[in-house]
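Scroll down for the structure; my scribbles are underneath it.
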Amino acid sequence: AQSVAQPEDQVNVAEGNPLTVKCTYSVSGNPYLFWYVQYPNRGLQFLLKYITGDNLVKGSYGFEAEFNKSQTSFHLKKPSALVSDSALYFCAVRDDKSQGGSEKLVFGKGTKLTVNP
Amino acid sequence: AAGVIQSPRHLIKEKRETATLKCYPIPRHDTVYWYQQGPGQDPQFLISFYEKMQSDKGSIPDRFSAQQFSDYHSELNMSSLELGDSALYFCASSLDRRGEQYFGPGTRLTVT
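Read top to bottom, the protein sequences are chains A and B.
In this note's numbering, each residue's number is its place in the first sequence (first place is 1) plus 30.
In this note's numbering, each residue's number is its place in the second sequence (first place is 1) plus 1190.
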């Protein structure tokens, strides 16, 4: 079964500093990996995905994520944090449907990012 | 760009009542997913539909049912509501079953 772990409930960074939100995953086949952001009382916004290809994936709002197969990790990064990046970030994984996996997204517990001015 | 539309945005029901949540996917998206997010929790998958047929099923109670219609919109029907059903219900859609899922704003259901 698929699973995702976000080891940090909270991450605090100063504006202008680089940020990293950690995620590790477990799947039986090829992983489809996603990052979503959720602002208070709002829906989930898609940031980026990894399916295949380059290990460094670039997404929306200057975010990027690095896929590491040997460490089964997919950490979210941004070179310079903004106060407006403060939100709840979810990592999610899905099995490869073509290999019989489920198409449902399995989410981590979320990491609350706070960027201090 | 058009997004996923959910209605209503807020719904208050009493225990044992029935609720119907509606979802209108992004145009040309053929797959719809339903998720439930409890307070302070991560979203949990309920059910999905591809081309109007149930595609995958998660932890959806027997009291809940859903379908996808010919225009690809979907409805989640919830009966015999319980206090524990109070949550944010998200609908998501994707262009195909391998693509990224785009989420709607959610319906906040409160059961009193």
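Every residue, glycine too, gets a C-beta built ideally from N, C-alpha and C.
Quick caveat: nothing in here was measured; it's all calculated off a predicted structure.
Through-space distance from residue j to residue i, alpha-carbon basis
{"i": "C121 (chain A)", "j": "S1255 (chain B)", "result": "28 Å"}
{"i": "L1288 (chain B)", "j": "V57 (chain A)", "result": "According to the sequence provided, residue 1288 (chain B) is Arg. The question's Leu does not apply to it. If I take the Cα positions, the gap works out to 16 Å."}
{"i": "T1302 (chain B)", "j": "E1204 (chain B)", "result": "5 Å"}
{"i": "V51 (chain A)", "j": "L106 (chain A)", "result": "5 Å"}
{"i": "E96 (chain A)", "j": "S103 (chain A)", "result": "8 Å"}
{"i": "V1222 (chain B)", "j": "S1284 (chain B)", "result": "7 Å"}
{"i": "V113 (chain A)", "j": "Q1196 (chain B)", "result": "29 Å"}
{"i": "Y69 (chain A)", "j": "Q1244 (chain B)", "result": "30 Å"}
{"i": "T82 (chain A)", "j": "R1206 (chain B)", "result": "47 Å"}
{"i": "D1286 (chain B)", "j": "Y55 (chain A)", "result": "23 Å"}
{"i": "C1213 (chain B)", "j": "A1277 (chain B)", "result": "16 Å"}
{"i": "W65 (chain A)", "j": "K108 (chain A)", "result": "13 Å"}
{"i": "N98 (chain A)", "j": "D1261 (chain B)", "result": "41 Å"}
{"i": "Q1257 (chain B)", "j": "E45 (chain A)", "result": "46 Å"}
{"i": "N71 (chain A)", "j": "A1191 (chain B)", "result": "21 Å"}
{"i": "P61 (chain A)", "j": "E94 (chain A)", "result": "17 Å"}
{"i": "I1216 (chain B)", "j": "V1194 (chain B)", "result": "5 Å"}
{"i": "Q1226 (chain B)", "j": "F1239 (chain B)", "result": "16 Å"}
{"i": "V123 (chain A)", "j": "C53 (chain A)", "result": "10 Å"}
{"i": "A31 (chain A)", "j": "D39 (chain A)", "result": "23 Å"}
Distance CB(residue i)-CB(residue j) smaller than 9 Å
{"i": "P1198 (chain B)", "j": "T1297 (chain B)", "result": "yes"}
{"i": "L63 (chain A)", "j": "D115 (chain A)", "result": "no"}
{"i": "N146 (chain A)", "j": "V41 (chain A)", "result": "no"}
{"i": "L1201 (chain B)", "j": "C1281 (chain B)", "result": "no"}
{"i": "I1237 (chain B)", "j": "L1273 (chain B)", "result": "no"}
{"i": "V87 (chain A)", "j": "Y119 (chain A)", "result": "no"}
{"i": "S1270 (chain B)", "j": "W1224 (chain B)", "result": "no"}
{"i": "A117 (chain A)", "j": "L135 (chain A)", "result": "no"}
Cβ-based burial, residue i [other Cβ within 10 Å; buried from 16]
{"i": "K1247 (chain B)", "result": "exposed"}
{"i": "Y1279 (chain B)", "result": "buried"}
{"i": "F1259 (chain B)", "result": "exposed"}
{"i": "Y91 (chain A)", "result": "exposed"}
{"i": "Q101 (chain A)", "result": "exposed"}
{"i": "P1229 (chain B)", "result": "exposed"}
{"i": "Q1231 (chain B)", "result": "exposed"}
Cut-off 8 Å between Cβ atoms - residues of its own chain near residue i, not counting five sequence neighbours on either side
{"i": "N47 (chain A)", "result": "S110, A111"}
{"i": "M1268 (chain B)", "result": "T1208, A1209, T1210, L1211, R1253, F1254, D1275, L1299"}
Cβ shell of residue i (< 7 Å), same chain only, five flanking positions each side left out
{"i": "I1250 (chain B)", "result": "L1236, I1237"}
{"i": "E1241 (chain B)", "result": "D1220"}
Cβ neighbours of residue i in the same chain (closer than 6 Å, five flanking residues each side left out)
{"i": "G89 (chain A)", "result": "L77, L78"}
task = Check whether the region 1275–1293 of chain B touches the region 74–90 of chain A, counting contact only when three or more Cβ pairs, one atom from each stretch, lie closer than 8 Å.
result = yes
ask   = Do the region 34–42 of chain A and the region 133–140 of chain A meet, that is, are 3 or more Cβ pairs less than 8 Å apart?
value = yes
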